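Right, one structure below, let's go through it.
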Amino acid sequence: DQLVLVNRTKGERPDITHRCDGLDDPKLDELLGEADANQLRGEVEMVRGLCPPFDLESYLEGHLTPVFFGSALNSFGVHELLDGVVNMAPSPLPQPSNIRDVKPDEVKVTGFVFKIQANMDPKHRDRIAFVRLCSGQFKRGMKLKHVRSGKILNIHNPVLFLARDRELAEEAFPGDIIGIPNHGNLRIGDALTEGEDIRFSGVPSFAPELLQRARPDDPLRAKHLGRALQQLAEEGAASVFKPMIGADWIVGVVGGLQFDVMADRIRTEYDVPVHFEQTELITARWVECDDAQMMKKFVDASKASLGEDHDGDVVFLARNAWHLDKAVEEWPDIRFIKIKEQAL
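Each residue of the sequence shown is one higher than the one before, counting from 1 in my numbering.
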């Protein structure tokens with residue numbers, strides 16, 4: 001054990017004033033006084049007694065979670081937390097794909113997009129695709145294949161992030177996460193490789209539990225609202241559906257607070273004041289069918305209850321449970337899906 005004492009009165013970052021070799025170090029009594037030192041020993045003993053001892057194997061198997069105490073606001077304990085993660089975290093594991101398990105020690109570079117973030121720099125309206133590397137050694141300037149489109153991308157300005165700081169990524173290794181600036185070409189689930197047509201196991205999208213209609217305060221900003229909703233949907237911030245009949249946008253979330261967050265982001269990042277209105281809709285289901293003719297017949301007969309998500313996939317918008325159950329009963333060849341997998 002090591003005990004670190006800091007001075008919190010100088011500047012934003014605390015200054016380390018003393019280090020003690022554990023709680024039994026006699027120097028601790030001199031620095032804190034006997035009463036405070038004994039109180040500290042008792043509190044630490046209580047915490048250790050309430051928590052099971054740390055076991056690395058149990059942690060790696062997912063049965064145990066380490067607990068760190070610190071203060072990000074005071075920049076205390078942050079480095080210890082990061083060092084602990086580095087020391088305890090497992091090495092990159094093989095990533096399952098539609099062909100094989102991609103091993104981290106393979107020579108060729110592979111990776112997948114797991115997050116999109118728009119407007120990280122409001123001055124430049126940037127869009128960053130976060131890519132998790134699965135294999136190979138990535139180097140700045142590499143050309144990688146965008147498997148979904150088949151296009152070759154020149155990765156000139158990849159970035160690494162640490163909190164608010166960003167820097168150019170000259171190289172990266174399996175398990176690292178790099179940010180790739182783009183203009184909407186990359187989506188969550190996309191795979192990047194050095195040429196291999198490979199798709200990783202997917203990231204799920206869950207059917208929303210709350211659906212409301214998005215309306216701009218200024219009707220002349222309707223197109224701007226559509227672009228904002230499209231970008232936020234690509235981020236995964238919410239589900240956005242465009243009904244096949246009508247000009248409204250339907251936004252679906254799993255928690256009501258997300259509507260407030262969406263409205264604030266659209267107003268501040270896209271300069272589009274917006275409000276949300278209640279609808280009669282209660283849930284949505286993605287629809288699929290192996291028979292193209294049957295799918296067309298279903299769409300033609302049900303357009304009033306159908307929409308499309310930001311990927312262009314057909315969605316059934318249910319007014320109530322009976323409405324959904326009735327559609328399932330009347331169209332047995334159509335699959336009504338609650339969880340949509342975005343192939344990586």
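By construction, the Cβ of each residue, glycine as well, lies at the ideal position given by its N, Cα and C atoms.
Here the structure is a predicted model, which means the values were calculated and not measured.
M46 in three-state terms, based on DSSP = helix
- Query: Near P26, which residues of its chain fall below 6 Å by C-beta distance, leaving aside the five closest residues on each side in sequence?
  - Reply: none
Limits of the beta strand (DSSP E) - the one that P181 falls within
I177 to P181
Rounded to a whole number of angstroms, what is the C-alpha to C-alpha distance between E209 and D29? 57 Å
If distances are taken between C-alpha atoms only, which option among F200, D260 and D248 comes closest to N98? F200
Specify the secondary structure class of W286 as computed by DSSP and reduced to three states.
strand
If we count Cβ pairs, one from each stretch, closer than 8 Å, do we get three or more for the segment 222-242 versus the segment 307-324?
yes
Any idea if D190 is buried or exposed, counting beta-carbon neighbours within 10 angstroms, 16 or more meaning buried? buried
**Selection from F173, E80 and G70 that minimises the alpha carbon distance to V109** = F173
I need the boundaries of the beta strand (DSSP E) containing L306, first residue and last residue. L306 to E308
Tell me the residue span of the alpha helix (DSSP H) that contains D271. No alpha helix (DSSP H) holds D271; DSSP gives it neither H nor E.
request  = Taking L133 and L144 to be in contact with their CB atoms under 8 Å, please state how far apart those CB atoms are, rounded to whole angstroms.
outcome  = Going by Cβ atoms, the distance from L133 to L144 rounds to 11 Å, so no, they are not a contact pair.
For this session: Quick one: which unbroken alpha helix (DSSP H) runs of 4-plus residues sit fully inside the segment 155-234? Chain order, please.
Result: none
**Prompt:** What's the call for K340, buried or exposed, on a 16-neighbour Cβ count within 10 Å?
**Reply:** buried
Practice item. Determine the burial state of T65: buried for a count of at least 16 other Cβ atoms within 10 Å of its Cβ, exposed for fewer. Key: exposed
How close, in whole Å, do the beta carbons of F259 and Q212 come, if the pair is a contact with beta carbons under 8 Å? 6 Å
Is it right to say T268 is buried, meaning 16 or more other beta carbons lie within 10 angstroms of its own, or is it exposed? exposed
Check your understanding: Helix, strand or coil for I318 per DSSP?
Key -> Before going on, a small fix: residue 318 reads as Ala here, not Ile. Residue state, collapsed to three classes: strand.
*Is it the case that the Cβ atoms of A284 and G252 are separated by a distance below 8 Å?*
yes
*What's the gap between the Cα of H224 and the Cα of A263?*
13 Å
Thinking V254 and P216 are a contact (beta carbons under 8 Å), I'd like their distance in whole angstroms, please.
That pair is no contact at about 24 Å.
For R355, which three-state DSSP category applies? Lying before the first or after the last residue shown, residue 355 is absent from the chain, which here runs from 1 to 344.
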